[in-house]
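Here the protein sequences line up with chains A and B, keeping their order. Everything in the first sequence is counted per our numbering, starting at 1 for the first residue and increasing by one. Everything in the second sequence is counted per our numbering, starting at 1 for the first residue and increasing by one. This report concerns only the one structure given below.
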Amino acid sequence: MMKSMERYLRSTGRDAVADAANEIAEHLTGDDEVYANPEAYFDEVIEINLDELKPHINGPFSPDLATLAGAEMSAKAAANDWPLNVEWGLIGSCTNSSYEDLSRASSIAKQAFEKGVEAKAEFGINPGSEQVRFTAERDGLMQNFENLGAKIFTNACGPCIGQWGRYSDPKNAPKNTIVHSFNRNFAKRADGNPNTHAFVTSPEMVAAIAISGRLDFDPTTDTLTNKNGEQVKLDEPIGIELPPKGFDVEDAGYQAPDVDGSAISVAVANDSQRLQLLTPFTPLGSVLNDTKLLIKAHGKCTTDHISMAGPWLRYRGHLDNISNNCLIGAVNAFNLKTDTVKNQLTGEYGAVPATQRAYKAAGISTIVVGDHNYGEGSSREHAAMEPRHLGVAAVIVKSFARIHETNLKKQGMLGLTFSIESDYDKIQEDDSFNFVDLADFAPGKPLTLEVVHADGSKENISLNHTYNASQIEWFEAGSALNLIKQQAS
Amino acid sequence: MVFDIEMIKEVYAKYPERIAAARAAVGKPLTLAEKILYAHLWEGNAKTPYQRGGSYVDFAPDRIACQDATAQMALLQFMQAGKTQVAVPTTVHCDHLIQAKIGADKDLQNAMNQSSEVFNFLDSVSNKYGIGFWKPGAGIIHQVVLENYAFPGGMMIGTDSHTVNAGGLGMVAIGVGGADAVDVMAGMAWELKFPKLIGIKLTGKLNGWSSPKDVILKVAGILTVKGGTGAIVEYFGEGAKSMSCTGKGTISNMGAEIGATTSTFGYDEIHGALFAFNRS
């Protein structure tokens, strides 16, 4: 018997990789002792019995809010006022867009069509690749979705990352529920509508729920009414792990690079709104005094809050333009509003990017303060480059998400954490901040921040950091890239 | 087509010696995550054990993948580094700049109309620096990587948090910022705090309406969006063995939602599954 990975490698035309892996297979899995006695080798061990695992529907607004399909969802939805009526079922994203995923969901769509059931919700499908789409089309899987009126979108991320033209005015769109097989369901993520309750579930459950139109549909017990008024039940999904006739594709969409690219010129227009060549960041130096607070973020502040996706994606290659979304999704802890912060120069409230540009124009450095797991979400370095570009010197939080913390370091900024979490509460809107021992920035040594309150009173708070010696060099050079250039020259 | 098979063979050729050195350094049986990490040390063979959750370690990833949104800034940065070619195999995938609205053909054409400037930039910069380019409509980066580039025991980084999807094919695949990718493209080491290790034992077998997605949705409920921070999640047990590769990809993919550095599965034996199996 072949391993599932080996089957997949061979089915996708990579016999040479499978053969090579088989030769060293013993090194490509954990040692027997580890799996026999995992508590002795892992820092934490969780055991899940798949025999007892039931379909889950996680959400809304956070992917860890787990609910079992059916009765548990009925109860929770009622208690939390989540709309039970489902408007869209979306299948796809990098998470669940394989041939097998489409086959499972397709088997549910096929049954509904054959049993005369019409889908109550709209369906959208994003296949994972042209190879998957071409093969699924050939094998009739796509037709099963189309029979229920599904829209087949491009082989691309689409709604999963906010690239969904669902509404002309998403901000004023109504409260509603969608289900999808994606990975993230933060507020506004898929369609820009803060009132959309998005739930994450398996492709086959997306299909079943979209067909039934009800968030609390339990396909193992509930029936559906077909066109003839009969009660019908959906059978269990049937998955096809790999296409029995093999994968096929006419044009996979790949372009190999030139062997010698030295003659190729990369053009970026000076007046481009989408692309902008970079200029190196100036080092922040060891003297950072009289800095102001740009924003103290309340609660969850993901990279979506810091650098919103959706329409802003078009400025990814233009640092100055995309900086106009800097922290506009973060909630100001002092008024619980988004994109409304106090400008200490004027005393007036304004948008975060405009306020920060005013500080920059006045030559004043600022800090951003945040809560737990600040920067959770995507790896986009724009969430670090934008505040850096606009003149934010330090981000001080209760805790960081790893990638974002590293990105701040890479851009030559200070990413720091409160040594005492509750010191977060000491930061007031009109404080000034002095980094009193930044000249002694060293691995393993906390920094001290002098907080000067509006009434003139002062207190010192301790800030931890995880910079090692080479990361401190990034800070000193102004960015990691600056250091690479210095070392190359 | 098999991409970069010579690179893969070189990685595998080093494995026995690297694992022997890791065993000697660590002094006890190794998890898969440790094997892959220790086999990809920038310094070569391991000399000392690293402290999980403590040591900063330099690694040498085998490949890099970038999506079209993050690739822009990554490649704009790489252009500033003064190199002629990327130092490790790299690909760019155009999947983020296409809005779903009407249907595949019209949406793709609209994206071409609106973002040709960006696609042309990525096309030319890829062509110039030896980067494989996947055009708009070719597919979603992590599915294309799983179908073409991922390999058991490999280490890759990608400028997207769901790079971790390649754990489904037994990689240590980690989402990074563009700046990290630029370092590796420029031939430098990639630094990571040596992760903690979470083991998830899967017993039994999926049945009925349950799916790999439910495994990770349950794990997310247990660990929350912070519970995997700084850790690699390694799945094992009978339940892992009986699961499809793309199902393992789904589970690995959403490891990003618990904050995990990445997730991975061993290239292990299977028990009783068929080539094109029927779950009913």
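Note that beta-carbon positions come from the ideal geometry of N, C-alpha and C, so glycine has one too. Predicted model, so just to flag it, every value in this text is computed and none were measured.
Below 8 Å on the Cβ atoms is my guess for residue 284(A) versus residue 412(A); work out the distance and round it to an integer in Å. For the purposes of this step, residue 284(A) is identified with residue 284 of the first sequence, where counting begins at 1. For the purposes of this step, residue 412(A) is identified with residue 412 of the first sequence, where counting begins at 1. About 7 Å; that satisfies the 8 Å criterion.
Cα-Cα, which of 185(B), 40(B), 193(B), 168(B) is closest to residue 216(B)? Here the question's residue 216(B) lines up with position 216 in the second sequence. Among 185(B), 40(B), 193(B), 168(B), the Cα nearest to that of residue 216(B) belongs to 168(B).
Check whether the segment 304 to 323 of chain A touches the segment 460 to 473 of chain A, counting contact only when three or more Cβ pairs, one atom from each stretch, lie closer than 8 Å. no
From the beta carbon of residue 202(B), is the nearest beta carbon of chain A less than 8 Å away? Along the second sequence, read from residue 1 onward, the residue named residue 202(B) stands at position 202. It does: the Cβ of residue 202(B) has a partner Cβ on chain A nearer than 8 Å.
Can you name the residues of chain B whose CB is closer than 9 Å to the CB of residue 301(A)? The residue given as residue 301(A) occupies position 301 in the first sequence. The premise fails here: residue 301(A) is roughly 12 Å from chain B at the closest Cβ pair, so nothing lies under 9 Å.
Tell whether a beta-carbon distance below 8 Å holds between residue 395(A) and residue 370(A). Within the first sequence, residue 395(A) is the residue found at index 395, counting from 1. Within the first sequence, residue 370(A) is the residue found at index 370, counting from 1. In this structure, residue 370(A) lies closer than 8 Å to residue 395(A) by Cβ.
Below 9 Å on C-beta distance, what does residue 169(B) contact in chain A? What you label residue 169(B) is simply residue 169 of the second sequence in a count that begins at 1. Correct list: 5, 8, 9.
Flag this pair as yes or no: are the beta carbons of residue 160(B) and residue 170(B) separated by less than 8 Å? For the purposes of this step, residue 160(B) is taken as the residue at position 160 of the second sequence. For the purposes of this step, residue 170(B) is taken as the residue at position 170 of the second sequence. No; because the gap between Cβ atoms is not below 8 Å, this pair is not in contact.
Distance CB(residue 288(A))-CB(residue 392(A)) smaller than 8 Å: Position 288 of the first sequence holds residue 288(A). Position 392 of the first sequence holds residue 392(A). No, the pair does not count as a contact, with Cβ atoms beyond the cut-off.
Can you tell me whether residue 57(B) is buried or exposed, with buried defined as 16 or more other CB within 10 angstroms of its CB? Locating residue 57(B) in the second sequence gives position 57, where the first residue counts as 1. Flag for residue 57(B) reads buried.
Between the alpha carbons of residue 5(B) and residue 113(A), how many angstroms are there, rounded? Residue numbering aside, residue 5(B) sits at position 5 when the second sequence is read from its first letter. Residue numbering aside, residue 113(A) sits at position 113 when the first sequence is read from its first letter. Roughly 45 Å between the two C-alpha positions.
Own chain residues within Cβ distance below 8 Å of residue 84(B), not counting five before or after: Here residue 84(B) refers to the residue found at position 84 when the second sequence is read from its first residue. Result list for residue 84(B): 129, in chain order.
If we define contact as Cβ-Cβ less than 8 Å, is residue 143(B) a contact residue for chain A? Your numbering for residue 143(B) matches position 143 in the second sequence. Interface residue, yes.
Anything in chain A within Cβ reach of residue 250(B), meaning under 7 Å, just list it in chain order. The count along the second sequence starts at 1 and reaches residue 250(B) at position 250. Going along chain A in sequence order, the residues near residue 250(B) (Cβ under 7 Å) are 95, 96.
What first and last residue would you give for the beta strand (DSSP E) that runs through residue 59(B)? Start at 1 with the first residue of the second sequence, and residue 59(B) comes out as number 59. Its beta strand (DSSP E) spans residues 56 to 59.
For residue 52(B), return the contacting residues in chain A, with the cut-off set at a CB-CB distance below 8 Å. Against the second sequence, residue 52(B) aligns to sequence position 52. Per Cβ cutoff of 8 Å: 43.
Could you check which residue in 445(A), 442(A), 449(A), 425(A) has the C-alpha nearest to that of residue 436(A)? Position 436 of the first sequence, counting from 1, holds the residue named residue 436(A). The shortest Cα separation from residue 436(A) among 445(A), 442(A), 449(A), 425(A) belongs to 449(A).
Starting from the Cα of residue 231(B), find the closest Cα among 44(A), 386(A), 342(A) and give me that residue. Start at 1 with the first residue of the second sequence, and residue 231(B) comes out as number 231. Nearest option by C-alpha distance: 44(A).
Given residue 150(B), which residues of its chain have a CB within under 6 Å of its CB, disregarding the five upstream and five downstream residues? The sequence position of residue 150(B) within the second sequence is 150, counting from 1. Closer than 6 Å at Cβ, skipping near neighbours: 166, 169, 171.
Under a three-way DSSP split, which group does residue 122(B) fall into? In the second sequence, residue 122(B) corresponds to position 122, counting from 1. Helix.
Proximal residues to residue 193(A) (C-beta, below 7 Å), its chain only, five neighbours per side dropped: For the purposes of this step, residue 193(A) is identified with residue 193 of the first sequence, where counting begins at 1. Counting only residues of its own chain and dropping the five nearest sequence neighbours on each side, residue 193(A) has a CB closer than 7 Å to the CB of 167, 170, 173.
Around the Cβ of residue 282(B), are there at least 16 other Cβ atoms within 10 angstroms (buried) or fewer (exposed)? Nothing in the structure corresponds to residue 282(B), since chain B is present only between 1 and 280.
Considering residue 173(B), what are the terminal residues of the beta strand (DSSP E) in which it resides? Position 173 of the second sequence, counted from the first residue, corresponds to residue 173(B). Looking at the DSSP string, the run of the beta strand (DSSP E) that includes residue 173(B) is 172 to 175.
8 Å is my cut-off, CB to CB: does residue 259(B) come that close to chain A? Start at 1 with the first residue of the second sequence, and residue 259(B) comes out as number 259. Yes, because at least one Cβ of chain A sits closer than 8 Å to the Cβ of residue 259(B).
Taking only runs of the beta strand (DSSP E) that begin and end inside the segment 254 to 331 of chain A, which ones reach a length of at least 3 residues, in chain order? 288 to 296
Residues of its chain near residue 108(B), where Cβ-Cβ distance is below 8 Å and the 5 sequence neighbours each way are ignored: Sequence index remark: in the second sequence, residue 108(B) carries index 108 (1-based). Cβ neighbours of residue 108(B) beyond the five flanking positions: 98, 136, 137.
Three-state secondary structure (DSSP) of residue 270(B): On the second sequence, position 270 is the one that residue 270(B) refers to. For residue 270(B), the predicted model reports a pLDDT of 46, less than 50, meaning its position is unreliable and no value from the coordinates is stated.
According to the Cβ coordinates, are residue 180(A) and residue 207(A) closer than 8 Å? Counted from its first residue, the first sequence places residue 180(A) at position 180. Counted from its first residue, the first sequence places residue 207(A) at position 207. Contact flag unset, no.
Rounded to whole angstroms, what is the Cα-Cα separation between residue 112(B) and residue 15(B)? Here residue 112(B) refers to the residue found at position 112 of the second sequence. Here residue 15(B) refers to the residue found at position 15 of the second sequence. The alpha-carbon atoms of residue 112(B) and residue 15(B) are separated by roughly 44 Å.
Please check the pair residue 49(A) and residue 203(B), which I expect to be a contact at CB under 8 Å, by giving their CB distance rounded to whole angstroms. Locating residue 49(A) in the first sequence gives position 49, where the first residue counts as 1. Locating residue 203(B) in the second sequence gives position 203, where the first residue counts as 1. The distance from the Cβ of residue 49(A) to that of residue 203(B) is about 5 Å, consistent with a contact at the 8 Å cut-off.
In chain B, what lies closer than 7 Å to residue 47(A) by C-beta? Within the first sequence, the letter at position 47 stands for residue 47(A). Going along chain B in sequence order, the residues near residue 47(A) (Cβ under 7 Å) are 201, 203.
Tell me which same chain residues have a C-beta within less than 8 Å of the C-beta of residue 221(A), skipping the five on either side of it? Residue numbering aside, residue 221(A) sits at position 221 when the first sequence is read from its first letter. Excluding residues within five positions, the ones whose Cβ falls inside 8 Å are 70.
Pop quiz: residue 278(A) and residue 67(B) are said to be a contact at Cβ under 8 Å. What is the actual Cβ separation, rounded to whole angstroms? In the first sequence, residue 278(A) corresponds to position 278, counting from 1. In the second sequence, residue 67(B) corresponds to position 67, counting from 1. Their Cβ separation, rounded to whole angstroms, is 19 Å, which puts residue 278(A) and residue 67(B) out of contact at 8 Å.
In the DSSP assignment, find the alpha helix (DSSP H) that holds residue 11(A) and state where it starts and stops. As a working note, residue 11(A) is residue 11 in the first sequence. 4 to 11 is the span of the alpha helix (DSSP H), which, as asked, contains residue 11(A).
Kindly indicate which three-state DSSP category residue 433(A) falls into: helix, strand or coil? Taking the first residue of the first sequence as 1, we reach residue 433(A) at position 433. Of the three classes helix, strand and coil, the one that applies to residue 433(A) here is strand, per DSSP.
Does residue 313(A) get closer than 8 Å to chain B when you measure Cβ to Cβ? Locating residue 313(A) in the first sequence gives position 313, where the first residue counts as 1. So yes, residue 313(A) belongs to the interface.
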